[in-house]
Structures are given as C-alpha cells and as structure tokens.
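Counting from 1, one number per residue, gives the positions in the sequence shown under full-length UniProt numbering.
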Amino acid sequence: MSDTPVDADEVRHVAELARVDLDEDEVEEFTTQFADILEYFDALDEVPEVDREDELVNVMRPDEVRDGLTQEEALSNAEETEDGYFKGPRVS
C-alpha cells in the first residue's frame, strides 16, 4: 500500500473541491479506491528507466486538408436539430 494512506477527510476534501456530494458509504468506497490508485503510482517507481533516443522522429502522418461532411450530412443522424445546429438537452 502507499506510504501516504488516504483517509476519509481527504476524500471529503477532494469531493468538496469537485463539488460532489458523497454519502458515508461512497466516502468509504472512494477511500479504498484512492488508496489503490496511489498504490499503482508507487508501482511505477519500480519501472526501470531506459535511455532515450537522441533523434526522435515524428511518426505521425502529415496533416492534409480533406473534404469533410456537409452540414446536412453531419446533422443527418442527429436526434434533434434546430436552425442547422445540433440541439442537446438543457443543462440548467
């Protein structure tokens, strides 16, 4: 397990920063999950370092301009549209 165990107060603090309301069962569950995540990070410290290549080459293809979808094609599978735009659910 990690050298810095995660306690319920830290989970509550992170939840407050994220503006997430957690009940006590969720706090307990996340305390365990956060500790597990930190344990995975500790395991990364055991991975040996390797020498890096001096001359790295970009293996990505070059950007090329290609024809995209027309507005009609892009909207053809949309559940709902309005005035030529995608329409999504209200959020507040």
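Cβ coordinates follow ideal geometry from the N, Cα and C atoms, glycine included.
Predicted model, so just to flag it, every value in this text is computed and none were measured.
Nearest-angstrom Cβ-Cβ length linking residue i and residue j, presumed shorter than 8 angstroms
{"i": "Ala35", "j": "Pro5", "result": "6 angstroms"}
{"i": "Val11", "j": "Thr31", "result": "5 angstroms"}
{"i": "Gln71", "j": "Gly84", "result": "6 angstroms"}
Test item: CB-CB of residue i and residue j under 8 angstroms
{"i": "Val27", "j": "Ala8", "result": "yes"}
{"i": "Phe86", "j": "Leu69", "result": "no"}
Sequence-distant residues of its chain with Cβ nearer than 7 angstroms to residue i (five each side left out)
{"i": "Asp25", "result": "none"}
Identified DSSP bridge partners for residue i
{"i": "Glu82", "result": "Tyr85"}
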